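To keep things clear, I will list the structure first and then write my remarks on it.
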């Protein structure tokens, strides 16, 4: 028998509403249903089959008794010895508790002798008059009692007919006794079955519930723990537990591999970003260095001019701070760190980001327009990671924009979230790529050396900051990326 056929039979036998019940309840419900069906079938059997069998047995015994009495009563009937005839009938009724009465009818249907002390009731005597020479049986009701009335001819009916009435109330009593015995058996089966179902449910459902709880607790980020059962698990349940533990171990390993892969992606894209910014960074460093060199040359020419030296010293300190800020921004882009939240002014961050990407935008002939809300509150997140996110989105926007266009960076706070939008008017993202745009190695600028890691890194970093990143794009009309991060106030309330 195939598994699919077995499944179809099981689904047909088990009502749909029971599929939603717990396994423990289902066991008990199925057992009660089985016992009820078993009892109902047996009650129907007793009422239909056993009742007919017992009634037929009573009739057969009554017919056999009537035949014996007919043979024995032939002599007294011929001799018209009613005393002997009455004695024969009375002895038969007294010796057989199943007989209620006996009577002899003459050939013309008159009652000759009966076991009734006051004479046979007229209705009873007239109720059963079979054709002469024939045996027959009918059911009669006398004073509330049902009888199987059997008529047997005496000497082929030439001298009369002998009738006996077999009591059917004993059949009813026997059937009632059978029903009560069956009811007791059903109740015993029901009690024993419920106890057995509880035990079976505990042995089967308890390990299943333990497995379900272990599945709910499972976190692929943590090493899986062995499943601890309250009762010993054997057979298929033990196999299922081993399979679950193996699956949990594989999922944990896959999570670890995925995390390591994401780290490698972020590291590779970060290095690629540093390379893309290198020329602009060199320009931002060379200008202050040239100023430093000019100041030193001026000081060396007139070292005795103290006031000039002080003025140049202030300029040199400012130039060194500019170089320091530029190098620190580059290090923030290149370094991999776990989120270290701090509260800062995101508008000031956009100025540093603009410094990093300025040379790239100039080379692409694209303008960068930054709109920072005037009443923007502080944002609490990792400043370095947010800088990396903005740098990557802006570099992508610059690459996608035609010369002469502008890329907008808009920052605002709405509903407890800091919203950062990068909007370009480039060619847009092709529909066949949109579903996979955040997947590693998916790029729309392969011909320009794109690695396909930038947006994958952006998504990873945004998730590290408990934020979301979404986009809207239309072919020929550009793309809008939206990064949503919890604002400082929202984080403090949730904390």
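In the working numbering, the protein residues as written are 14 to 508.
Glycine included, each C-beta is placed from N, C-alpha and C at the ideal position.
No experiment lies behind these values; they were computed from the predicted model shown.
On the criterion of 16 or more Cβ atoms from any shown chain inside 10 Å, does residue i qualify as buried, or is it exposed?
i, result
"residue 363", "buried"
"residue 136", "exposed"
"residue 401", "buried"
"residue 488", "exposed"
"residue 373", "buried"
"residue 498", "buried"
"residue 205", "exposed"
"residue 121", "exposed"
"residue 78", "buried"
"residue 163", "buried"
"residue 250", "buried"
"residue 89", "buried"
"residue 143", "buried"
"residue 316", "exposed"
"residue 128", "buried"
"residue 422", "buried"
DSSP has residue i in a bridge; who is on the other side?
i, result
"residue 114", "178"
"residue 354", "Beta-bridge pairing links residue 354 to no other residue."
"residue 382", "421"
"residue 333", "Paired residues: none, contrary to the question."
"residue 494", "435 and 484"
"residue 393", "356"
"residue 45", "The partner list for residue 45 (beta bridge, DSSP) is empty, contrary to what the question assumes."
"residue 162", "151 and 178"
"residue 499", "430"
"residue 126", "117"
"residue 64", "Partner(s): none; residue 64 has no beta bridge."
"residue 167", "173"
Can you list, in chain order, the residues of its chain whose CB lies under 6 Å from that of residue i, leaving out five sequence neighbours each side?
i, result
"residue 80", "165"
"residue 68", "184"
"residue 138", "124"
"residue 237", "261, 262 and 265"
How many whole angstroms separate the CB atoms of residue i and residue j, which I take to be in contact at a CB cut-off of 8 Å?
i, j, result
"residue 126", "residue 98", "5 Å"
"residue 181", "residue 160", "6 Å"
"residue 264", "residue 239", "Actually they are not in contact, since the Cβ atoms of residue 264 and residue 239 sit about 15 Å apart, beyond 8 Å."
"residue 467", "residue 409", "6 Å"
"residue 141", "residue 176", "6 Å"
"residue 380", "residue 434", "Actually they do not touch by this definition, with Cβ atoms about 16 Å apart."
"residue 216", "residue 253", "The Cβ separation is near 14 Å, so there is no contact."
"residue 91", "residue 105", "About 19 Å separates the two Cβ atoms, so there is no contact after all."
"residue 50", "residue 199", "Contact doesn't hold; Cβ gap of about 10 Å is too wide."
Near residue i, which residues of its chain fall below 8 Å by C-beta distance, leaving aside the five closest residues on each side in sequence?
i, result
"residue 228", "257"
"residue 475", "402, 481, 482, 496 and 498"
Is residue j closer than 8 Å to residue i when the C-beta atoms are compared?
i, j, result
"residue 192", "residue 56", "yes"
"residue 389", "residue 420", "no"
"residue 490", "residue 417", "no"
"residue 113", "residue 158", "yes"
"residue 395", "residue 478", "yes"
"residue 404", "residue 370", "yes"
"residue 102", "residue 174", "no"
"residue 428", "residue 392", "no"
"residue 195", "residue 52", "yes"
"residue 411", "residue 377", "yes"
"residue 179", "residue 75", "yes"
"residue 414", "residue 438", "yes"
"residue 203", "residue 45", "yes"
"residue 352", "residue 406", "no"
Enumerate in chain order the residues of its own chain whose CB-to-CB distance from residue i is below 7 Å, with the five nearest sequence positions on each side excluded.
i, result
"residue 451", "468, 469 and 472"
"residue 86", "98, 101, 117, 167 and 175"
"residue 308", "325, 328 and 329"
"residue 500", "390, 392, 426, 429, 430 and 431"
"residue 268", "233 and 234"
"residue 386", "424, 425 and 426"
"residue 367", "381 and 383"
Going by the C-beta, is residue i closer than 7 Å to any heavy atom of the ligand MN?
i, result
"residue 354", "In the structure on display, the ligand MN does not appear, and there are no ligands present to speak of."
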